[in-house]
Amino acid sequence: MDETRLVVDGVTMRFGGLTAVDGVSFTAEPGHITAIIGPNGAGKTTLFNCITGFYRATAGQILLGDTALHRLPGHRIALAGVGRTFQNIRLFGGMTCLENLLVAQHRRLMAASWFGIGAVLGLSRYPAAEREAVERARAWLIATDLLERADDAAGSLPYGAQRRLEIARAMCTGPRLLCLDEPAAGLNPRESATLSELVRAIRDGSAADADPCSVLLIEHDMGVVMGISDKIVVLDHGARIAMGTPAEIRADPHVIAAYLGEDEPA
Amino acid sequence: MKGTALRDAGIAAAVAACLFVPIVGLRTEPGQTGALALQPRFGLVALLVAAVFFGRLVIIGWHSRRRPAAGTKPRFVLPEVGRYAAPALLGFALLLPFFPFTGRYELDIGILVLTYVMLGWGLNIVVGLAGLLDLGYVAFYAVGAYTYALLAQTFGLSFWACLPLAGLTAGCWGVLLGFPVLRLRGDYLAIVTLGFGEIIRIVLLNWTSLTNGPNGIGGIPRPSFFGLPFSSGNEPGSFSHFFGVEPSSVQRVVFLYYLILALALLTNWVSIRLRRQPLGRAWEALREDEIAARALGINVRNTKLTAFALGATFGGLAGAFFATRAAFISPESFTFNESAIILAIVVLGGLGSQLGIAISALVMIGGFELFRDFGEWRMLIFGGAMVLIMVLKPRGLVGDRTPTIALGARKTIDAGLISQGQG
Numbered sequence: 436m437d438e439t440r441l442v443v444d445g446v447t448m449r450f451g452g453l454t455a456v457d458g459v460s461f462t463a464e465p466g467h468i469t470a471i472i473g474p475n476g477a478g479k480t481t482l483f484n485c486i487t488g489f490y491r492a493t494a495g496q497i498l499l500g501d502t503a504l505h506r507l508p509g510h511r512i513a514l515a516g517v518g519r520t521f522q523n524i525r526l527f528g529g530m531t532c533l534e535n536l537l538v539a540q541h542r543r544l545m546a547a548s549w550f551g552i553g554a555v556l557g558l559s560r561y562p563a564a565e566r567e568a569v570e571r572a573r574a575w576l577i578a579t580d581l582l583e584r585a586d587d588a589a590g591s592l593p594y595g596a597q598r599r600l601e602i603a604r605a606m607c608t609g610p611r612l613l614c615l616d617e618p619a620a621g622l623n624p625r626e627s628a629t630l631s632e633l634v635r636a637i638r639d640g641s642a643a644d645a646d647p648c649s650v651l652l653i654e655h656d657m658g659v660v661m662g663i664s665d666k667i668v669v670l671d672h673g674a675r676i677a678m679g680t681p682a683e684i685r686a687d688p689h690v691i692a693a694y695l696g697e698d699e700p701a
Numbered sequence: 009m010k011g012t013a014l015r016d017a018g019i020a021a022a023v024a025a026c027l028f029v030p031i032v033g034l035r036t037e038p039g040q041t042g043a044l045a046l047q048p049r050f051g052l053v054a055l056l057v058a059a060v061f062f063g064r065l066v067i068i069g070w071h072s073r074r075r076p077a078a079g080t081k082p083r084f085v086l087p088e089v090g091r092y093a094a095p096a097l098l099g100f101a102l103l104l105p106f107f108p109f110t111g112r113y114e115l116d117i118g119i120l121v122l123t124y125v126m127l128g129w130g131l132n133i134v135v136g137l138a139g140l141l142d143l144g145y146v147a148f149y150a151v152g153a154y155t156y157a158l159l160a161q162t163f164g165l166s167f168w169a170c171l172p173l174a175g176l177t178a179g180c181w182g183v184l185l186g187f188p189v190l191r192l193r194g195d196y197l198a199i200v201t202l203g204f205g206e207i208i209r210i211v212l213l214n215w216t217s218l219t220n221g222p223n224g225i226g227g228i229p230r231p232s233f234f235g236l237p238f239s240s241g242n243e244p245g246s247f248s249h250f251f252g253v254e255p256s257s258v259q260r261v262v263f264l265y266y267l268i269l270a271l272a273l274l275t276n277w278v279s280i281r282l283r284r285q286p287l288g289r290a291w292e293a294l295r296e297d298e299i300a301a302r303a304l305g306i307n308v309r310n311t312k313l314t315a316f317a318l319g320a321t322f323g324g325l326a327g328a329f330f331a332t333r334a335a336f337i338s339p340e341s342f343t344f345n346e347s348a349i350i351l352a353i354v355v356l357g358g359l360g361s362q363l364g365i366a367i368s369a370l371v372m373i374g375g376f377e378l379f380r381d382f383g384e385w386r387m388l389i390f391g392g393a394m395v396l397i398m399v400l401k402p403r404g405l406v407g408d409r410t411p412t413i414a415l416g417a418r419k420t421i422d423a424g425l426i427s428q429g430q431g
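Chains A and S, in that order, are what the protein sequence lines are. Letter by letter, the first sequence follows residues 436 to 701 of the working numbering. Letter by letter, the second sequence follows residues 9 to 431 of the working numbering.
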């Protein structure tokens, strides 16, 4: 089994009497962009939170390669190779862009600094590791077109730049699967197009010399979704109602009824 | 512009009049028959209202001058001054015992101020960097002090052997407190830490067989100069005999002064180094956004515990110093008031700012001593100064943040962008 295939198998999430996600199954193939779409309240973000460890699924299993994500505590999921962004941007606003990207490389730097002790005393291979981390951060700042803002506080960036920085930060953890929660929300058409390019480059491994990375995407902007997705999963009321290529989804009568809407006769 | 200013000042004056007429304007005096007689003082009221009116005008004028129309934020000069203030303060601290005006009293104040500087810097790790509001910091100060006192009295261990042990014990208590409060945030965290501080004090008060309860522990051994005791007799093996100088009580005070200076600088050095390390950045990331930090693979539990442990360790070291300096400790010294003062130092100095905390400790502790002659007016001056700082610099004296690393030139980050932490 390829180690970056994400298998979501019968995942159910209940909050008390409310079933937010009801037995959803799909696979996200390695090297693909898989999109999850659906009307508001369909359970997309809940499913996302199950995959990224913020919720513990009531039933079902989630596997990334051989790793059972649904059994890992929150922070271990990132270490297992799942990077994520948030629907409402969650940057470290009082820290610079560069610092944000270095925090993302915490684990690697921490190991190199002998968990802080060696680095305080000025020993260890920490300086070399930090230089390497800064270079990686610089590469991602270039890839997201933020290099000249590197030393500005993340909170002072314009909205679109914050979205890009959050993606760069998630990528700095060195993920095998990148989960993007509505990355195009609030972007203008030109920014959306740039974002599509960036996500494609991340998938193909052509951005910042990183390894190719599968992408899981929640998005309402159909232009972006249909343009870049290799596969689309449609949720409605917590259940999967369709799955397939963009062309198949566009033609699916269930999806049209539930979400895309019919072209009204003029 | 002028019209609105006048109207604003008029409203302020009207509010002042409403307040002052009953409070100041009407005064009751005992008359000849012993019954209270009303004595109006409207002249005074008019004076006060006029003062409010013109004071308000001055404030409005000052604000409009400070805020140019272009919407640029007014720059405060402290960061630029800060570049020279820190070395200047350090130089002053190092040379203090050698100034001609420095006597026993000045050295004692210096020791007191430096103790609070160290406590402020220690608490800063928890509150300023990790964003965890700790209202019971004095508990670790107490643990350190009692650890030293008890170890020295029971086992006869020397100060230098006890110092790291006191730090270690306090650090362990920091972890112990940390565990139950890991999931708490904001107000809840503050209340539990407050309770923890009180629990420690009450245990010290009531565990008479160990701590001698409210009577405290006396006769705590004084520190030696690396094995050479300070004594008034010039016997062989004492500090004065070894160096061939006249025995004097000032020698010990100078030594204590440099001891606490070294301990404070150690706290500062570790904080500054750690801030530039992954651990320090993880603390700040937790303060900014705990959920995002977790999504990046940061172990929130361990990172919080290290902050608690390290802050507590420095509190414990300061406590051991306190015990050896005072030679007597009792639970009286570790009340909530102390926690509040230390927290006030950190908040007024600016969360996360080493320089700001040092200045605010100097002002709060040193300044408080300076105004001793004012008697009861001292509290008024003190309170007024605190209100003034909070009005003019709501994020503390040095609220800005210097980035830990930069590709180009470091730009200070405006205080408004920095999160204060919720938990």
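All C-beta atoms, glycine included, are put in the ideal place defined by N, C-alpha and C.
Within chain A, the residues placing a beta-carbon under 8 Å from that of S/Val308 are Gly509 and His510, ordered along the chain.
Residues of the stretch 407-419 of chain S that bring their beta carbon within less than 8 Å of a beta carbon in chain A comprise Arg409, Pro411, Thr412, Ile413, Ala414, Leu415, Gly416, Ala417, Arg418 and Lys419, in sequence order. The beta carbon of A/Asp665 lies closer than 8 Å to those of Glu464, His467, Ile468, Thr469 and Thr680 in the same chain, with the five residues before and after it left out. Using beta-carbon distances, S/Ser427 counts as an interface residue toward chain A, with a partner under 8 Å. Nearest CB-CB separation between A/Thr502 and chain S: not below the 8 Å threshold.
In the displayed model, S/Val253 falls within coil according to three-state DSSP, outside both helix and strand.
S/Pro286 places its beta carbon 8 Å or farther from that of A/Leu536. Non-local C-beta neighbours of S/Ser347 in its own chain, meaning closer than 7 Å and more than five positions away in sequence, comprise Leu143, Gly144, Tyr145, Val146 and Gly205, ordered along the chain. Taken through DSSP and simplified to helix, strand or coil, S/Ser72 comes out as helix. Chain order gives no chain A residues near S/Gln362, where near means a beta carbon separation below 8 Å; the closest approach is about 16 Å.
With 16 or more other Cβ atoms inside 10 Å of its own Cβ, A/Asn484 counts as buried.
In this structure, A/Cys614 sits near A/Thr487, with a CB-CB distance shorter than 8 Å. With its beta carbon less than 8 Å from one in chain S, A/Leu533 belongs to the interface. According to DSSP, A/Cys614 shares a beta bridge with A/Arg519 and A/Leu651.
S/Glu37 is bridged by DSSP to S/Ala45. In the DSSP assignment, A/Leu670 falls within the beta strand (DSSP E) that extends over Lys666 to Asp671. Along the length of the stretch 264-324 of chain S, whole alpha helix (DSSP H) runs at least 4 residues long occupy 286-296 and 298-303, reported in chain order.
Interface criterion not met: the Cβ of A/His672 is under 8 Å from no Cβ in chain S.
The shortest C-alpha to C-alpha distance from S/Gly136 to any of S/Leu294, S/Tyr124, S/Asn223 and S/Tyr149 is the one to S/Leu294.
For the stretch 286-298 of chain S, the beta-carbon criterion of a distance under 7 Å to any beta-carbon of chain A is satisfied by Pro286, Leu287, Arg289, Ala290, Glu292, Ala293, Glu296 and Asp297. At a cut-off of 8 Å between beta-carbon atoms, A/Gly595 makes no contact with chain S. Not flagged as an interface residue toward chain A: S/Gly118, since no C-beta distance is shorter than 8 Å. DSSP places S/Phe106 in no beta strand (DSSP E); its state is neither H nor E. Closest by C-alpha distance to S/Ala20, out of S/Pro38, S/Gly39, S/Arg35 and S/Ile68, is S/Ile68. When DSSP states are grouped into helix, strand and coil, A/Thr447 belongs to the strand group. By the neighbour-count criterion, in which 16 or more other beta carbons inside 10 Å mark a residue as buried, S/Leu400 falls on the exposed side. For S/Gly221 and S/Ser338, the gap between their C-alpha atoms comes out near 8 Å.
In the assembly as shown, S/Tyr113 is an exposed residue. Its beta-carbon has fewer than 16 other beta-carbons within 10 Å. Chain S places a beta carbon closer than 8 Å to that of A/Ser591, counting this residue as a contact. Among the residues of chain A, those whose CB is under 7 Å from the CB of S/Arg302 are Gly509 and His510, following chain order. Using a 10 angstroms sphere on the CB of A/Pro562, the tally of other CB atoms stays under 16, which defines it as exposed. Between the stretch 498-512 of chain A and the stretch 586-604 of chain A there are fewer than three C-beta pairs closer than 8 Å, too few to call the two in contact. DSSP, read as helix, strand or coil, puts A/Gly500 in coil. Listed in chain order, the positions of the stretch 120-137 of chain S with a beta carbon within less than 7 Å of a beta carbon of chain A would be empty, since no residue qualifies. Taken through DSSP and simplified to helix, strand or coil, S/Gly424 comes out as helix.
If the five residues before and after A/Arg560 are omitted, its C-beta is found closer than 8 Å to the C-beta atoms of Ala547, all from its own chain and listed in chain order.
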